[in-house]
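Have a look at the structure below, then the notes.
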Amino acid sequence: MDLPFKISVLVFVRNEKDQHLLIERGKAPNLGLWSPIGGKLEMAAGESPFECAIRETKEEIGLELSARDLHLFSMVSERAYERGSHWLMFLFDCKKRISSLPPKISEGNFAFFETEKIFSGLVPIPETDRLLLWDIWKERHESGMTVLRADCENGVRAIIEENI
678 MDLPFKISVL VFVRNEKDQH LLIERGKAPN LGLWSPIGGK LEMAAGESPF ECAIRETKEE
738 IGLELSARDL HLFSMVSERA YERGSHWLMF LFDCKKRISS LPPKISEGNF AFFETEKIFS
798 GLVPIPETDR LLLWDIWKER HESGMTVLRA DCENGVRAII EENI
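Residue numbers (my numbering): 678 to 841.
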C-alpha cells in the first residue's frame, strides 16, 4: 500500500506515585483516545529520536530532559495504520518523574492512570497501543529493547524482530 511514512516518538512519563501521564488526543490520529505524549520528528532539521523526545516532552509538559533521562525500550514499525500512513515509532521510558498534572494544551487534556487500569481496558486507548505497546512497556521499560513490526492493514498482526 503506497502511503506516506511518518517517524514519531512516544514518551512514557510517570508521576511520583508511579501513575502514567496520558494525553486525551484532541485531534487525529487517535482522536478522543488516551496515549503517552510524543510527536513527529523534525526530519528536515535532522532531528534524532532522542532529540525529538526531549523537545516534545518540554513542549507538551514543560519537563526538561537530557538523553540520560530516557530509555529507548522499543522501535515499532506500523504498516498502514488506520489505512492513512505507515509509522516508525520510537518508544521511550522517562526516568524522571513529575509531581503534578500539566495544564491542558492544544493537543489535549492530561490525566494520571494506574498501570492496572490501563491494562484492564477501562481507559480508552488506541487498539494498537493495547495490543502492542503496553505489553512491551511492561516487559522492557527498565532495561532491554524490543523491535517490532506490525501490519495494521487487515487487523493487527505483529512480529517481534528482536528482543535484547
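Backbone N, C-alpha and C define an ideal beta-carbon position, used for all residues, glycine too. Here the structure is a predicted model, which is why all the values come from computation and not from measurement.
Where does residue i sit, in a helix, a strand or coil, going by DSSP?
i, result
"residue 729", "helix"
"residue 773", "coil"
"residue 705", "coil"
"residue 868", "Absent from the structure is residue 868, since the part of the chain shown begins at 678 and ends at 841."
"residue 755", "strand"
"residue 738", "helix"
"residue 760", "coil"
Here's the rule I'm using: 16 or more other beta-carbon atoms within 10 Å means buried, otherwise exposed. How should residue i be labelled?
i, result
"residue 783", "exposed"
"residue 837", "exposed"
"residue 720", "exposed"
"residue 708", "exposed"
"residue 785", "buried"
"residue 744", "exposed"
"residue 726", "buried"
"residue 681", "exposed"
"residue 730", "buried"
Confirm, please, whether the CB-CB distance from residue j to residue i is below 9 Å.
i, j, result
"residue 697", "residue 690", "yes"
"residue 710", "residue 803", "yes"
"residue 810", "residue 768", "yes"
"residue 683", "residue 717", "yes"
"residue 822", "residue 841", "yes"
"residue 826", "residue 756", "yes"
"residue 747", "residue 688", "yes"
"residue 824", "residue 808", "no"
"residue 701", "residue 787", "yes"
Along the beta strand (DSSP E) that carries residue i, what are the first and last residues, could you check?
i, result
"residue 824", "823-828"
"residue 833", "No beta strand (DSSP E) holds residue 833; DSSP gives it neither H nor E."
"residue 627", "Residue coverage of the chain in this structure runs from 678 to 841, which leaves residue 627 outside it and unanswerable."
Handout entry: In chain order, each beta strand (DSSP E) run of at least 3 residues that lies wholly inside the segment 780-821
Key = 785-790
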